[in-house]
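Please read the structure below before turning to the comments.
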Amino acid sequence: MSTLVHDLDLPEISLADGNFDQRRAMRSALDPSLWLLRNPFGFAVLRYEDVVGILRDKRWHSASGRIPELLGITREDFISRQRGSILSAEGDVHVRLRRLVAPAFSPRAADRLRPFMREVINGLIDPVASTGRAEFVADITEPYPIPIICELLGAPKGDWQLFSRLASDILEVFSADLADKLDLVMDAQRELEAYTRELIADRRSRPADDLLTDLIAAEEAGDRLSNDELVMMVNAVIVGGTDTTRNQLGCATALFADHPEQWKLLAERPELAGRAVEETMRYFGAVRGTVRFASCDIEYRNVVFPAGTFMSIGLAEANRQPDVFTDPEVFDITSTAADQPQLTFGSGIHYCLGASLARAELQEALPLLARRLPNLKIDGDITWKPDGVGIFGPALMNITFDAGH
Ligand code: HEM
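Residue numbers (our numbering): 134 to 538.
If you want it as structure tokens, here you go:
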């Protein structure tokens, strides 16, 4: 016998009020058999099996193209641009895009950039190394991903500044007051589009060893990406690949500052980088959750979710589930327990396309930081970004460390 979801008597969790720990405390006070909660947009699942179950169920569609609508934005030119993105594409359109672009985002493609990643992170540490203090966000996390994304795409060094400005404006798409920033975001999107079209024309005549060349060459059964799709992919790489990496590096470093013995261990044993990245992303992921909506009436666990129902997916909560992870509240970069994968890159068809690149960026940055910023301490309080649905991390984080490394 199935029940309509709206007829269930469910406790409500807020999305924005309180922090992650408060919400978890509230949740653990609830009946453990409760797998579904209500929230201001619709409903929420927080348990690992439901998070994975819903993300792998193709009837639940990505809601990223519907965020403007949830924020009350009605401008059609803006909305249609968001809908064309791989982040919100579904069905055959999405399958085709993923198939064409996936090889360009392989682990091997990311490995090509590792020496460059080390050069960038060392270049950011150099000016602060002798002072023994830094504002970690402005000095390290903010600037880190831009040169890498530029190098990945094949944009020349002279254009880093331009890219950085365009990325900041485009990333306002995640801000709570997006409605007031639409013109800024769209101007930047148009400027990036013009820039990308020139870069594409150049790569068509002079192929290089970069992502854009790979995407231009990508072909399957005679099918290729159009110029519009190439522009969309560049936009998706900026939207998906800059703020996420920045904030994940910020969250990881804040976490290590709370666990000095693990920081020291990583400095001494850089080969732990792979485990360290998975463990920091499990314990303290910068992407706390995502949202889906029911593309049709969906029956799941004997509950009917009518078409259009929004569902929040609690990645961060699932990453700490006791019957899935051994000692989930212990942060340990040496743990080799055969646990399930951490979920901060999502799951299912929209699983992060840039996961190999992001892993490489973090695996290169963290051991170098651990070695060159020994005795890391947070100086004062960290100012955190709002802990809602979007990307979470430090907005301001003063640190001290032993100088001269
Ligand atoms: C630590 C850093 C990162 C985290 C935590 C992260 C997280 C995620 C998550 C959770 C999703 C799935 C969203 C959903 O299902 O609704 C996703 C998708 C995506 N990510 Fe990442 N990401 C990171 C870095 C990157 C990088 C570096 C790139 C690009 C170079 C990238 C590009 C994308 C793209 C294009 C998608 C959409 C894939 C699709 O819809 O098929 N991400 N990411």
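Note that beta-carbon positions come from the ideal geometry of N, C-alpha and C, so glycine has one too.
Could you say if the region 358-376 and the region 425-441 meet the contact criterion of at least three C-beta pairs nearer than 8 Å? no
Is the closest heavy atom of the ligand HEM to the C-beta of Arg415 under 7 Å? no
Is there contact here, the region 289-308 with the region 319-335, by at least three beta-carbon pairs under 8 Å? yes
Would you say the region 470-490 touches the region 169-188, given that touching needs at least three Cβ pairs under 8 Å? yes
Quick one: does the C-beta of Ala369 sit closer than 7 Å to a heavy atom of the ligand HEM? yes
Of the residues Ile146, Glu145, Leu169 and Ser147, the one placed nearest Asn435, counting alpha carbons only: Leu169
List, from N- to C-terminal side, the alpha helix (DSSP H) runs of 4 residues or more that fit wholly inside the region 157-235. 181-188, 200-203, 209-216 and 224-234
May I ask you to report which of helix, strand or coil DSSP gives Glu275? coil
Euclidean distance between Cα positions of Cys384 and Glu209: 36 Å
Taking 7 Å as the cut-off, is the C-beta of Thr105 nearer than that to any heavy atom in the ligand HEM? Since the first residue shown for the chain is 134 and the last is 538, residue 105 is missing from the structure and cannot be characterised.
Beta-ladder partner(s) of Asp356, from DSSP: Glu353
Does the beta-carbon distance from Phe464 to Gln395 come in below 8 Å? yes
Using a Cβ-based criterion (distance less than 7 Å to any ligand heavy atom), does Gly198 qualify as near the ligand HEM? no
Coarse secondary structure for Val364, derived from DSSP in three states: helix
Note down the Cα distance separating Tyr181 from Asp391, rounded to an integer number of angstroms. 26 Å
6 Å CB neighbourhood of Thr329 in its chain, flanking five on each side removed: Val364 and Val367
Measuring only from the beta carbon, is Gly526 closer than 7 Å to any heavy atom that is part of the ligand HEM? no
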